[in-house]
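What follows is one structure encoded as structure tokens, with my remarks underneath.
Protein chains in written order, with our numbering: chain E, 33 to 395; chain P, 3 to 81.
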């Protein structure tokens with residue numbers, strides 16, 4: 033499969049990149065889909081050695097806290113519960129077990145493609161409680177908002193959501209605020225930005241003087257975004273630019289954002305490998321408390337639950353852009369996509385999995 | 003997980019639409035999140051059963067193929 037179309041344009045862009053790069057430059061692609069696109073297309077081979085591409089915390093599966101997986105497992109263990117979630121979440125290890133292992137033990141855990149499928153499932157199973165374990169960034173949370181609004185209208189009494197949704201801009205703020213941060217520019221997520229637009233990233237340039245470009249997913253889109261970043265760096269004029277103009281407007285999708293705000297309110301949230309980031313998660317507003325799984329179930333965990341990653345696992349450092357997957361002692365030995373130890377290896381969009389599958393060895 | 007697939011609208015029924023992705027797969031999706039009412043023949047980005055934005059048809063054709071192939075290849079790798 034040749035994913036690098038338009039080789040002439042790609043060559044021209046990579047030549048531009050070579051000419052514009054000014055010394056060692058560390059760029060972070062925030063989104064897991066970009067990570068996969070970069071590896072699959074072999075785009076790294078078109079970049080000069082001065083450029084290091086780091087994979088950021090933009091894979092929702094990878095950043096879901098172990099404790100939250102444990103809570104979902106706890107819900108699935110309650111009487112008369114059908115737990116639903118996206119397929120990506122099934123293999124993510126909690127502190128002891130995963131949803132996939134629990135399903136194999138007989139728990140009623142089902143994979144859905146769309147949260148809206150839960151409405152039919154709830155109507156068909158009035159004697160059960162259908163709980164959707166909701167993960168994902170701003171691309172996904174509006175669809176959960178729309179589903180909750182529909183459930184309210186339908187007066188469904190047996191549908192609930194356990195939200196561990198996360199927000200991208202607060203995570204970028206946390207990364208840049210950390211003393212260990214060495215990021216010269218961000219390739220910003222295309223589909224998250226389809227919803228939120230470019231404005232919520234304004235602080236990257238104004239407060240942190242860090243260039244950023246919202247990029248599409250074609251390899252030539254990503255090359256162009258890198259060119260735009262290098263130009264901002266060279267001119268010393270950090271900005272938030274949109275390369276993915278066909279799908280991203282500065283104001284995003286106002287309807288989706290308004291539905292998001294109608295249902296959810298930002299709250300502190302734990303990110304695997306990073307810790308708790310203020311205002312970086314989404315919880316249901318009090319008006320939707322009847323549909324909030326956190327109000328129905330006791331989700332407290334035994335205090336002995338380990339929250340750190342397995343010893344030696346460097347997922348946290350990888351997600352913060354400090355280490356690359358091959359720095360990890362477990363990478364490729366005790367941690368592989370078949371038997372993942374850390375979350376970055378579980379998801380196909382995780383950077384460890386991308387390195388493993390496509391043989392990446394350096395930044 | 004934030005992958006959205008460009009798809010063409012074939013039929014609209016109130017807030018639902020039948021769309022076709024590259025390769026011919028058809029799916030019923032919700033239009034509840036779109037700021038403006040789309041028309042049959044428009045391209046939209048589809049994520050988790052919802053259209054999240056309309057896109058221009060010119061760019062849709064090419065990214066169609068790329069995003070669909072990316073999705074399929076990730077599915078092959080077992081997630």
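Backbone N, C-alpha and C define an ideal beta-carbon position, used for all residues, glycine too.
Mind checking whether residue i and residue j have CB atoms under 9 angstroms apart?
i                     : j                     : result
residue 298 (chain E) : residue 202 (chain E) : yes
residue 390 (chain E) : residue 363 (chain E) : no
residue 316 (chain E) : residue 193 (chain E) : yes
residue 168 (chain E) : residue 118 (chain E) : yes
residue 174 (chain E) : residue 63 (chain E)  : no
residue 354 (chain E) : residue 95 (chain E)  : no
residue 171 (chain E) : residue 4 (chain P)   : yes
residue 67 (chain E)  : residue 223 (chain E) : no
residue 359 (chain E) : residue 346 (chain E) : yes
residue 183 (chain E) : residue 151 (chain E) : yes
residue 372 (chain E) : residue 125 (chain E) : yes
residue 200 (chain E) : residue 100 (chain E) : no
residue 165 (chain E) : residue 258 (chain E) : no
residue 314 (chain E) : residue 333 (chain E) : no
residue 91 (chain E)  : residue 367 (chain E) : no
Any C-beta of chain A sitting closer than 9 angstroms to the C-beta of residue i?
i                     : result
residue 171 (chain E) : The question asks about chain A, but that chain is absent: this structure's protein chains are E and P.
Between residue i and the rest of its own chain, which residues show a CB-CB distance below 8 angstroms, the 5 nearest in sequence each way excluded?
i                     : result
residue 242 (chain E) : 208, 215, 216, 217, 218, 236, 270
residue 44 (chain P)  : 10, 11, 56, 59
residue 47 (chain E)  : none
residue 40 (chain P)  : 11, 14, 19, 33, 46, 53, 56
residue 308 (chain E) : 300, 301, 302
residue 210 (chain E) : 352
Using CA atoms only, rank isn't needed, just tell me which of the options is closest to residue i.
i                     : options                    : result
residue 48 (chain P)  : P:58, P:38, P:32, P:74     : P:32
residue 18 (chain P)  : P:26, P:35, P:74           : P:35
residue 277 (chain E) : E:294, E:260, E:247, E:290 : E:247
residue 290 (chain E) : E:351, E:205, E:176, E:374 : E:176
residue 268 (chain E) : E:109, E:244, E:149        : E:244
residue 160 (chain E) : E:110, E:368, E:260        : E:110
residue 54 (chain E)  : E:239, E:368, E:261, E:238 : E:261
If I measure Cβ to Cβ from residue i and keep anything under 7 angstroms in the same chain, skipping five residues before and after, which residues do I get?
i                     : result
residue 328 (chain E) : 192
residue 51 (chain P)  : 31, 32
residue 105 (chain E) : 126, 129, 131, 134
Report, in whole angstroms, the separation of the C-beta atoms of residue i and residue j, which I expect to be a contact under 8 angstroms.
i                     : j                     : result
residue 86 (chain E)  : residue 60 (chain E)  : 4 angstroms
residue 7 (chain P)   : residue 42 (chain P)  : Their Cβ separation, rounded to whole angstroms, is 18 angstroms, which puts residue 7 (chain P) and residue 42 (chain P) out of contact at 8 angstroms.
residue 312 (chain E) : residue 187 (chain E) : Not really, about 32 angstroms apart at Cβ, beyond 8 angstroms.
residue 123 (chain E) : residue 378 (chain E) : 5 angstroms
residue 256 (chain E) : residue 45 (chain E)  : 6 angstroms
residue 52 (chain E)  : residue 266 (chain E) : 6 angstroms
residue 69 (chain E)  : residue 72 (chain P)  : 6 angstroms
residue 320 (chain E) : residue 180 (chain E) : 6 angstroms
Which same chain residues, not among the five before or five after residue i, have their C-beta less than 6 angstroms away from its C-beta?
i                     : result
residue 97 (chain E)  : 302, 304
residue 274 (chain E) : 230, 246, 280
residue 206 (chain E) : 309
residue 50 (chain E)  : 80
Decide if the stretch 137-148 of chain E is in contact with the stretch 229-237 of chain E; the criterion is three or more beta carbon pairs, one per stretch, under 8 angstroms apart.
With a cut-off of 8 angstroms, the stretch 229-237 of chain E and the stretch 137-148 of chain E do not count as touching, because too few Cβ pairs lie within range.
Evaluate contact between the stretch 278-298 of chain E and the stretch 250-258 of chain E, counting only Cβ atoms and requiring at least three cross-stretch pairs below 8 angstroms.
The answer is no - the stretch 250-258 of chain E does not touch the stretch 278-298 of chain E, with fewer than three Cβ pairs under 8 angstroms.
Meets three-Cβ-pair contact criterion under 8 angstroms: the stretch 129-144 of chain E and the stretch 100-114 of chain E
Yes, since at least three Cβ pairs between the stretch 129-144 of chain E and the stretch 100-114 of chain E fall closer than 8 angstroms, the two stretches touch.
Can at least three beta-carbon pairs, one atom from the stretch 348-365 of chain E and one from the stretch 377-384 of chain E, be found at a separation below 8 angstroms?
Touching, per the Cβ criterion.
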